[in-house]
Amino acid sequence: MPVESVPAGDGEYLLQEFLTAVHTAPPSRFPALVERYAARIGLRRVTVYLVDLQQRQLTPLSGGERLAVDASWAGWAYRTLGLRVEESAAGPLIVWLPLVDGADRLGVVGMHVDALDGPLLRRCRTLVAVLSMAISSQRGVSDQLVQQTRTDTMTLPAELVRSLLPPRTVGSARAVSTAVLEPAYELGGDAFDHALTESTLHAVILDAMGHNLASGLTTSIAMAGCRSARRMGAALPDLVRTVDTVLAEWLPDQFCTGIAARLDLLSGVLTWCNCGHPPPLLIRDHRVHKALERPGEPPMGMPATLADAPRTVHREALEPGDRVLLYTDGVTEARTAGGGRFGLAGFTDSIIRAIAAGELPSEALRQLIHAILEGRPQRLSDDATILLIEWRPPGTR
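Numbers given in our numbering equal positions in the sequence shown, counted from 1, plus 21.
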């Protein structure tokens with residue numbers, strides 16, 4: 022049936038049928054279900070691509086040739102979260118739409134059509150939205166979806182930490198938090214966490230001592246302590262004290278540095294506790310406005326319990342459009358291709374240039390972490406994690 026002649030009622034029935042089928046099927050059945058639904062609404066062919074862990078390649082869910090994120094129209098849709106219509110050599114148009122879970126980029130969907138009009142585009146967008154929800158609900162329990170996003174073997178410490186990490190990006194109309202972490206398959210002690218409520222953006226960055234399984238355990242316990250305290254409504258000093266106590270009790274020989282931060286989404290006031298970590302950086306008007314340096318405090322764990330001093334909460338009033346960077350020292354200590362240190366200026370300049378060029382915050386970090394990795398002929402000597410918070414109240418450009 023031509024798409025123009027599909028009655029509204031039939032279209033709603035088809036969508037309801039597809040929704041039910043895709044949410045009760047294993048991911049291995051997704052391609053067949055998508056193709057069946059696509060044919061009934063006037064699409065020639067649909068291919069679902071998931072981005073790999075390092076955001077370099079897009080892998081078809083049904084198998085086949087991978088596409089480069091940096092060198093394909095599919096990659097353009099992923100990088101920009103925009104619609105792209107490509108004229109294929111075979112004749113039909115290819116409509117590329119990003120696959121997104123909230124603010125987190127999952128991949129893209131390519132839809133082959135003879136011609137594109139408003140009603141068909143709306144059906145394409147609805148199809149992609151349903152797929153995003155289905156994939157998001159399954160990726161925590163489906164090994165197939167996890168395997169689709171990997172291109173290498175993962176170490177046990179990395180597997181442990183990765184199992185606890187949240188989506189790379191969370192966001193609302195007022196703020197976004199996005200992060201990247203390398204080496205993807207050989208993580209040691211770095212991790213990040215972020216979460217949103219109606220009024221608050223919560224963010225944590227952690228860097229455990231060492232680069233082994235004990236480091237991964239330290240990070241995992243610290244993250245669990247942060248989440249447990251946060252979900253019980255603990256104030257920032259009490260949240261950090263929870264982590265201090267649990268690490269001192271269960272891993273007394275281990276500790277980790279970190280920052281626990283909260284952004285009030287209405288006022289733009291940022292509060293944080295810095296536990297022996299590099300200070301946050303404030304980017305305003307496309308330059309590093311200042312480092313949010315405050316007197317140092319002990320790392321989380323036994324050093325803090327020995328000091329027995331209350332944690333200090335720091336405050337900074339942000340302006341609309343401000344961005345705050347949290348990072349681990351593996352970023353600034355990374356080497357360039359020429360052998361020098363990447364340094365603080367190197368990584369902040371990269372982010373400022375990308376954002377000034379109109380890149381999404383998540384895309385700016387993707388480009389930056391790839392620039393850091395390209396300077397290393399082998400592996401990073403230390404984990405490198407970057408978390409970017411952007412406050413954008415209504416009216417902010």
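We put the beta carbon where it would ideally sit given N, CA and C, even for glycine.
{"Item": "Going residue by residue through the segment 68 to 127, where are the continuous alpha helix (DSSP H) segments of at least 4 residues, counting only ones entirely within it?", "Value": "94 to 101"}
{"Item": "Considering only the alpha carbon of each residue, which of Ala110, Arg183, Val134, Glu33 lies closest to Trp117?", "Value": "Val134"}
{"Item": "Val24 by DSSP, collapsed to three states: which one?", "Value": "Per-residue confidence for Val24 stands at a pLDDT of 40, beneath the threshold of 50, marking its modelled position as unreliable; no derived number is given."}
{"Item": "Please return the same chain residues whose Cβ sits closer than 6 Å to the Cβ of Glu25, not counting the five positions on each side in sequence.", "Value": "Because Glu25 sits at a pLDDT of 43, beneath the cut-off of 50, its placement in the model cannot be relied upon, and the point is left open."}
{"Item": "Just curious, the alpha helix (DSSP H) that Asp164 is in, first and last residue?", "Value": "164 to 169"}
{"Item": "Quick one: which unbroken beta strand (DSSP E) runs of 3-plus residues sit fully inside the segment 281 to 361? Chain order, please.", "Value": "290 to 296, 302 to 305, 308 to 312, 335 to 338, 344 to 348"}
{"Item": "Let me know the alpha helix (DSSP H) ranges lying completely inside the segment 143 to 230, each 4 residues or longer, listed in chain order.", "Value": "164 to 169, 177 to 183"}
{"Item": "Looking at C-alpha atoms only, which residue of Glu56, Pro48, Pro47, Arg50 is the closest neighbour of Leu35?", "Value": "Glu56"}
{"Item": "Can you tell me where the beta strand (DSSP E) with Ala405 in it begins and where it stops?", "Value": "405 to 412"}
{"Item": "Are the segment 200 to 218 and the segment 165 to 181 touching by the rule of at least three beta carbon pairs closer than 8 Å?", "Value": "yes"}
{"Item": "Looking at C-alpha atoms only, which residue of Gly254, Pro119, Thr240, Arg50 is the closest neighbour of Cys145?", "Value": "Pro119"}
{"Item": "Is Asp125 closer than 9 Å to Arg183 when the C-beta atoms are compared?", "Value": "no"}
{"Item": "Do Leu79 and Val72 have their beta-carbon atoms positioned less than 9 Å apart in this structure?", "Value": "yes"}
{"Item": "According to DSSP, which residues form a beta bridge with Arg66?", "Value": "His133"}
{"Item": "Could you give the DSSP three-state label for Thr417: helix, strand or coil?", "Value": "coil"}
{"Item": "Whose CA, out of Val334, Leu186, Phe368, lies closest to the CA of Gly161?", "Value": "Leu186"}
{"Item": "Report the CB separation of Val300 from Glu314 in whole angstroms; it is logged as a contact under 8 Å.", "Value": "In the sequence under discussion, the amino acid at residue 300 is Pro, which differs from the Val named in the question. Right, the Cβ-Cβ distance comes to about 4 Å (below 8 Å), so this counts as a contact."}
{"Item": "What do you get for Ser109, buried or exposed, if any count of 16 or more other CB atoms within 10 angstroms of its CB means buried?", "Value": "exposed"}
{"Item": "Which residues in the same chain have their Cβ closer than 8 Å to the Cβ of Leu88, if we skip the five residues on either side of it in sequence?", "Value": "Tyr70, Gln78, Leu79, Ala95, Gly96"}
{"Item": "Can you give me the start and stop residues for the alpha helix (DSSP H) that Ala250 sits inside?", "Value": "234 to 252"}
{"Item": "Can you give me the Cβ contacts of Pro398 inside the same chain, cut-off strictly under 7 Å, excluding the 5 residues immediately before and after it?", "Value": "Only weak support exists for where Pro398 lies, its pLDDT of 48 falling under 50; the coordinates are left without a value."}
{"Item": "Can you find the residues in the same chain that come closer than 6 Å, C-beta to C-beta, to Met22, ignoring five residues on each side of it along the sequence?", "Value": "Note that Met22 has pLDDT 36, beneath the 50 cutoff, so the model's placement of it is unreliable and the number below is only indicative. Nothing meets the Cβ criterion."}
{"Item": "So is Gln275 buried or exposed if we call it buried at 16+ other beta carbons inside 10 Å?", "Value": "buried"}
{"Item": "Which first and last residues belong to the alpha helix (DSSP H) in which Ser371 is found?", "Value": "364 to 377"}
{"Item": "Here's the rule I'm using: 16 or more other beta-carbon atoms within 10 Å means buried, otherwise exposed. How should Gln75 be labelled?", "Value": "buried"}
{"Item": "Counting only the same chain and skipping the five closest in sequence on each side, list residues whose C-beta sits under 6 Å from that of Arg387.", "Value": "Gln76"}
{"Item": "Select from Pro341, Ile372, Ala377 the residue whose C-alpha is nearest the C-alpha of Arg195.", "Value": "Pro341"}
{"Item": "Starting from the Cα of Ala224, find the closest Cα among Tyr99, Val197, Ile242 and give me that residue.", "Value": "Val197"}
{"Item": "Near Ser220, what residues of its chain come up, given a Cβ to Cβ distance below 6 Å and the 5 sequence neighbours on each side ignored?", "Value": "Leu286"}
{"Item": "Starting from the C-beta of Leu347, find all residues in its chain whose C-beta is less than 6 Å away, skip the five residues before and the five after it, and write them out in chain order.", "Value": "Ile226, Ile280, Pro301, Leu408"}
{"Item": "Excluding five sequence neighbours on each side, which residues of the same chain lie with their C-beta closer than 8 Å to the C-beta of Val352?", "Value": "Phe363, Phe368, Ile393, Ala405, Thr406, Ile407"}
{"Item": "Just to confirm my understanding: we take Ile376, look at its own chain, exclude 5 residues before and 5 after, and list those with CB closer than 6 Å. What are they?", "Value": "Ala385"}
{"Item": "Could you check how far apart the C-beta atoms of Pro178 and Ser236 are, in whole angstroms? I think they sit under 8 Å.", "Value": "7 Å"}
{"Item": "With DSSP as the reference, identify every bridge partner of Phe276, one or two as the case may be.", "Value": "Gly322"}
{"Item": "Would you tell me roughly how many angstroms separate the C-alpha atoms of Ala53 and Ile373, rounded to the nearest one?", "Value": "43 Å"}
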